[in-house]
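S.K.: Heads up, the sequence shown stops at 315 in the numbering used here, and the numbers go up one at a time, no gaps. Mind looking over this structure? Questions follow.
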Amino acid sequence: MIDFDFVSPTKIFFGKQKEEKVGEAAKEFGFKKVLIVYGSHRIETNGLLTTVTAHLKENSINFCLLGGVRPNPLIAKVREGISLAKQEGVDSLLAIGGGSTIDTCKAIAAGYFYEGDAFDFNLHKATPKRFLSELF
180 MIDFDFVSPT KIFFGKQKEE KVGEAAKEFG FKKVLIVYGS HRIETNGLLT
230 TVTAHLKENS INFCLLGGVR PNPLIAKVRE GISLAKQEGV DSLLAIGGGS
280 TIDTCKAIAA GYFYEGDAFD FNLHKATPKR FLSELF
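In structure tokens form, the structure reads like this:
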């Protein structure tokens with residue numbers, strides 16, 4: 180067996196109406212502006228986006244939106260997200276959706292501080308050294 184230390188500072192909010200805690204969580208972590216990344220516009224029509232953004236506003240957290248993440252997301256959406264995040268000066272990301280949305284957020288987080296193309300990580304041409312913070 181190999182000896183090692185493992186640290187995983189993750190806080191998971193799971194259960195009914197946890198979307199109502201997103202503003203408090205963002206404030207607790209000291210975030211000021213969040214990029215909300217999501218897939219279809221269903222979260223708009225079912226009220227989830229309204230709920231999340233209302234709780235962010237209640238906690239004085241600014242936000243911007245990046246919708247349209249599709250299953251098996253394209254690198255173009257990641258590039259768009261990185262550009263938007265930099266333009267808006269966000270300090271955190273919030274994925275609302277499933278695996279593709281989360282994967283897109285992870286790629287945006289990795290590419291945010293990288294000067295090259297985020298696809299370099301997929302090609303193993305580069306390794307991320309610093310990440311933008313994420314709320315999931």
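Beta carbons: idealized from backbone N, C-alpha and C, even for Gly. The structure presented is a predicted model; accordingly, all values stated were derived computationally and were not measured.
Distance, Cα to Cα, K200 vs H234?
M.R.: Here the question's residue 200 lines up with position 21 in the sequence shown. Here the question's residue 234 lines up with position 55 in the sequence shown. Roughly 7 angstroms between the two C-alpha positions.
S.K.: Taking DSSP's pairing of strands, which residues face V186 in a bridge?
M.R.: Reading the sequence shown from its first residue, position 7 is the one you call residue 186. V186 pairs with nothing; no bridge assigned.
S.K.: Can you tell me whether T229 is buried or exposed, with buried defined as 16 or more other CB within 10 angstroms of its CB?
M.R.: Your numbering for residue 229 matches position 50 in the sequence shown. T229 comes out exposed.
S.K.: If the criterion is Cβ atoms closer than 8 angstroms, does the pair A289 and F298 meet it?
M.R.: In the sequence shown, the residue the question calls residue 289 occupies position 110. In the sequence shown, the residue the question calls residue 298 occupies position 119. No, the Cβ-Cβ distance between A289 and F298 is not below 8 angstroms.
S.K.: What does the alpha-carbon distance come out to for the pair F292 and L273?
M.R.: Here residue 292 refers to the residue found at position 113 of the sequence shown. Here residue 273 refers to the residue found at position 94 of the sequence shown. One C-alpha to the other measures close to 17 angstroms.
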